[in-house]
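What follows is a short report on a single structure.
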Amino acid sequence: MTTRIDRRTEPERVAPAAGRRAPRGIAQRLVPFGYLSPTVLLIVVLMIVPIIMVIGYSFQDNVIVTDDSEFAGLANYAKVLSDPDFLVALKNTAVFITVSMVAHLLLGLAFAMMLNSKLLSGVTKALFRIVYILPWLFTIAVIAVIWRLLLDPAGVLNYILQTLGVAQSAVDWLGDPDKALWVVTFANVWSGYPFFMISLLAGLQGIPGDLYEAASVDGAGPVQKFLAVTLPQLRPVIISMAVLDLIWTSQQFALIWMMTGGGPLNSTEMLSTFTYKQAFSEYEFSTAAAAAVVVLMLTMILAFFYVRTQRER
Amino acid sequence: MTSIRARRNLAKTGVIIGLIIGGLFAGLPVLWMLSTSFKANGEVFQNPPQLITKSFSLDAYTGILTNGVQLRFFANSYIVALSVTALTLLVAILAAYAFSRFTFPGRKTINAVIVSVQAVPPITLVIPYFGLVVALGLYNTYPGLILTHMVFTLPYAIIMTTAYLNTLPKELDESVKVDGGSSWTALWRILVPISVPGLIAVGVYTFMISWNEYLFALTLTRTDDMRTVPIGIQLLMGQHSYEWNQMMAMSILGSIPVLVLFLIFQRRFIGGLTSGAVKA
Numbered sequence: 004m005t006t007r008i009d010r011r012t013e014p015e016r017v018a019p020a021a022g023r024r025a026p027r028g029i030a031q032r033l034v035p036f037g038y039l040s041p042t043v044l045l046i047v048v049l050m051i052v053p054i055i056m057v058i059g060y061s062f063q064d065n066v067i068v069t070d071d072s073e074f075a076g077l078a079n080y081a082k083v084l085s086d087p088d089f090l091v092a093l094k095n096t097a098v099f100i101t102v103s104m105v106a107h108l109l110l111g112l113a114f115a116m117m118l119n120s121k122l123l124s125g126v127t128k129a130l131f132r133i134v135y136i137l138p139w140l141f142t143i144a145v146i147a148v149i150w151r152l153l154l155d156p157a158g159v160l161n162y163i164l165q166t167l168g169v170a171q172s173a174v175d176w177l178g179d180p181d182k183a184l185w186v187v188t189f190a191n192v193w194s195g196y197p198f199f200m201i202s203l204l205a206g207l208q209g210i211p212g213d214l215y216e217a218a219s220v221d222g223a224g225p226v227q228k229f230l231a232v233t234l235p236q237l238r239p240v241i242i243s244m245a246v247l248d249l250i251w252t253s254q255q256f257a258l259i260w261m262m263t264g265g266g267p268l269n270s271t272e273m274l275s276t277f278t279y280k281q282a283f284s285e286y287e288f289s290t291a292a293a294a295a296v297v298v299l300m301l302t303m304i305l306a307f308f309y310v311r312t313q314r315e316r
Numbered sequence: 013m014t015s016i017r018a019r020r021n022l023a024k025t026g027v028i029i030g031l032i033i034g035g036l037f038a039g040l041p042v043l044w045m046l047s048t049s050f051k052a053n054g055e056v057f058q059n060p061p062q063l064i065t066k067s068f069s070l071d072a073y074t075g076i077l078t079n080g081v082q083l084r085f086f087a088n089s090y091i092v093a094l095s096v097t098a099l100t101l102l103v104a105i106l107a108a109y110a111f112s113r114f115t116f117p118g119r120k121t122i123n124a125v126i127v128s129v130q131a132v133p134p135i136t137l138v139i140p141y142f143g144l145v146v147a148l149g150l151y152n153t154y155p156g157l158i159l160t161h162m163v164f165t166l167p168y169a170i171i172m173t174t175a176y177l178n179t180l181p182k183e184l185d186e187s188v189k190v191d192g193g194s195s196w197t198a199l200w201r202i203l204v205p206i207s208v209p210g211l212i213a214v215g216v217y218t219f220m221i222s223w224n225e226y227l228f229a230l231t232l233t234r235t236d237d238m239r240t241v242p243i244g245i246q247l248l249m250g251q252h253s254y255e256w257n258q259m260m261a262m263s264i265l266g267s268i269p270v271l272v273l274f275l276i277f278q279r280r281f282i283g284g285l286t287s288g289a290v291k292a
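Here the protein sequences line up with chains A and B, keeping their order. Here the first sequence is numbered in our numbering, starting from 4 and rising by one per residue. Here the second sequence is numbered in our numbering, starting from 13 and rising by one per residue.
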């Protein structure tokens, strides 16, 4: 449909022309939906239908593996929510995502501020920026094998710790239930901080210089400038990055699956690995679906906050 | 003056020391991966560890590159990631055009759905996907992987592309319409050609997501001729022995496409990314 009408002014058009223009107007109105139709179709097929399916599975027994599934009410939910392994997974996930998010933020902010320093030349900063972004450019499978190599009882980290006298004997980082959760969290911190750093760096570069000059005139030192100018200016970026990071980290599966498989003794079991095992190791697709719906609800709460922080800006 | 200069020098030294410590934290693990890929497998855990050993060789790389199974993993990853990138860009351009240039009922709702799709956990989707893909006969096929990857790539691509189109003045496409062209013409003749820098950023990001995807590749494929590189790396953690040197060589070979794309398009990519994440 070719027309010169600016869509935004169309509703104010006066009645007389309406009779002749009506068909054209309807077609015109449909144009944006035409452009959106592939997206809408994909979202329905890949998102709406699957979510309805998984909710359906969660109220049935014997889904996927057999044809004679029957309505099971809330039995699957009761089973999942009373499963001690699920509760451990919930606790581990909470620790994992909170510690990761705080560490991502602190490291990302520290590195971004160093990279934004006016004391250094552009070339130096560009070089360091590439090094700092490196961990983020590797796929999680690679991150997992790098850290398994470094953390091996015979590996280079244990060698360094023993040489420095920090550790008496080789530490089995991933084999010790007291340490494994912290170790996988550390690997996740290493791989994830650059995304914070990039966004915070862009945020820092967007702070008007005269705000700092005004603070200098008022006699503010570096710490006061940081608290009075930098942090308040970065606040919106920090909040939306933090929520986004909680969402992403809660979905982390590959890193844990490849580093520990959820072990030893469930010490690194996450909601994602728990659900995966229910489905693809135990073939309990019904309980897996119930767990998956619980995970979805928890994520939606976070997503709600994310959408709200985006709207506020 | 001198005291100010002295203080500046002190601060500068402090920042440089901080940067170096951070650089070691970020870079040493990567360096160790590189060094291990050049070792013989028996020397990986030698004591004391050495960065470069006497047996320095490319054997681990030739081992990967002459093995048909491993090469197939790479071919699969390229086929899937490139298809996902092309399809995502096509669908995202159309959707972004609608969001950027039209007002229509339901605009806000559809936009909110797209934003929240990003938050839906893959582990929730993988269970119905498994059911769906098996039912549709797409289990262990490329289309099964390509379609499911798009659920991650599409929302971000739409948000980034919309943000990019919004930076282009509306007069550009209006001028086509004044000349009697349709909105379709305006999109493909005017907007898409001048959006190439933004679309490259979107494409690179899309390629990265698909290239790195693990959970769907693990659950929706079964045989070695359909597996992708991340699964291939995991498969090297074999049943009998760990081929550490080959694992690291494969990790590096598997990371090269993303590293190269990132280094070439760094500026555009970071710009597009932050405009998508921070302002969208």
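All C-beta atoms, glycine included, are put in the ideal place defined by N, C-alpha and C.
From the DSSP output, in three-state form, read off residue i for me.
i	result
F164(B)	helix
M249(B)	strand
F74(A)	strand
L273(B)	helix
V310(A)	helix
R24(A)	Legend: pLDDT at R24(A) = 44, less than 50; position of this residue unreliable, value from coordinates given subsequently. In the structure shown, R24(A) sits in a helix (DSSP, three-state: H, G or I).
Y226(B)	coil
L31(B)	helix
Q165(A)	helix
Y151(B)	coil
D1(A)	The requested residue 1(A) is not part of the displayed model; chain A covers only 4 to 316.
Y215(A)	helix
D185(B)	helix
Q58(B)	coil
Among the options, which has the Cα closest to the Cα of residue i?
i	options	result
T278(A)	V216(B), T136(B), T231(B), M162(B)	T136(B)
L211(B)	I105(B), T121(B), Y141(B), W256(B)	I105(B)
L299(A)	G34(B), D237(B), V129(B)	V129(B)
T74(B)	K51(B), P61(B), L166(B), L230(B)	K51(B)
G195(A)	F283(A), G178(A), V102(A)	V102(A)
Q254(A)	V132(B), P41(B), L275(B)	V132(B)
R280(B)	P209(B), L247(B), R113(B)	P209(B)
V146(B)	T48(B), T233(B), G30(B), R19(B)	T233(B)
I210(A)	L93(A), R238(A), N191(A)	R238(A)
M303(A)	A113(A), W251(A), Y80(A)	W251(A)
S172(A)	F114(A), L160(A), P180(A)	L160(A)
I163(A)	G26(B), L40(B), S222(B), K120(B)	L40(B)
L248(B)	D71(B), Q82(B), I16(B), S47(B)	Q82(B)
Show which residues of chain A have a CB atom less than 9 Å away from the CB atom of residue i.
i	result
V129(B)	I46, L49, M50
I97(B)	A quick correction: the sequence has Thr, not Ile, at residue 97(B). Simply none; closest approach about 15 Å.
N178(B)	Here the premise fails: no neighbours, minimum Cβ distance about 15 Å.
W223(B)	T142
L106(B)	G37, Y38, L39, S40, P41, T42
Tell me which residue opens and which closes the alpha helix (DSSP H) that residue i is part of.
i	result
G158(A)	No alpha helix (DSSP H) holds G158(A); DSSP gives it neither H nor E.
L102(B)	80 to 113
W251(A)	234 to 253
A131(B)	Here A131(B) belongs to no alpha helix (DSSP H), and DSSP marks it neither H nor E.
T179(B)	Neither: T179(B) is in no alpha helix (DSSP H) and is coded neither H nor E.
W260(A)	257 to 262
I76(B)	71 to 77
A183(A)	183 to 208
A198(B)	That residue, A198(B), is in no alpha helix (DSSP H); it is neither H nor E in DSSP.
V98(A)	87 to 118
T127(A)	125 to 136
V52(A)	52 to 61
Q227(A)	225 to 228
Could you work out which residues of chain B lie near residue i, taking near to mean beta carbons separated by less than 9 Å?
i	result
M303(A)	S128, A131, V132
V298(A)	P133, I135, T136
Residue i touches chain A at which residues, Cβ-Cβ below 8 Å?
i	result
V300(B)	The question about residue 300(B) has no answer here: the residues shown for chain B are numbered 13 through 292.
R20(B)	L122
A23(B)	L122
P41(B)	P138, I149, W150, L153, W193
L35(B)	Residue identity differs from the one stated: residue 35(B) is Gly in this sequence, not Leu. Under the 8 Å cutoff, chain A gives F131, V134, Y135.
In chain B, which residues lie with their C-beta within 8 Å of the C-beta of residue i?
i	result
L108(A)	Within 8 Å Cβ-Cβ: nothing; L108(A) doesn't reach chain B, min ~14 Å.
Worksheet item: What residues in the stretch 132 to 148 of chain B have a beta carbon less than 9 Å from any beta carbon of chain A?
Response: V132, P133, P134, I135, T136, L137, V138, I139, P140, Y141, F142, G143, L144, V146
Worksheet entry | Interfacial residues, the stretch 231 to 258 of chain B to chain A, with Cβ spacing under 9 Å | T231, V241, P242, I243, G244, I245, Q246, L248, M249, Y254, W256
Fill in: Members of the stretch 45 to 72 of chain B near chain A, C-beta cut-off 7 Å
M45, T48, F57, N59, P60, P61
Discussion item. For the stretch 164 to 178 of chain A, list every residue whose C-beta sits within 7 Å of some C-beta in chain B, in sequence order.
Written reply: none
Worksheet entry | Near-chain B residues of the stretch 264 to 282 of chain A (beta-carbon distance less than 7 Å), N- to C-terminal order | S275, T278, Y279, A282
Item to complete: May I ask you to list, following chain order, the residues of the stretch 52 to 74 of chain A that have a beta carbon less than 8 Å from some beta carbon of chain B?
Response: V52, P53, I54, M56, V57, Y60, V66, I67
Worksheet item: Quick one, which residues of the stretch 157 to 184 of chain B are near chain A if we go by CB-CB under 8 Å, in chain order?
Response: L159, T160, M162, V163, L166, I170
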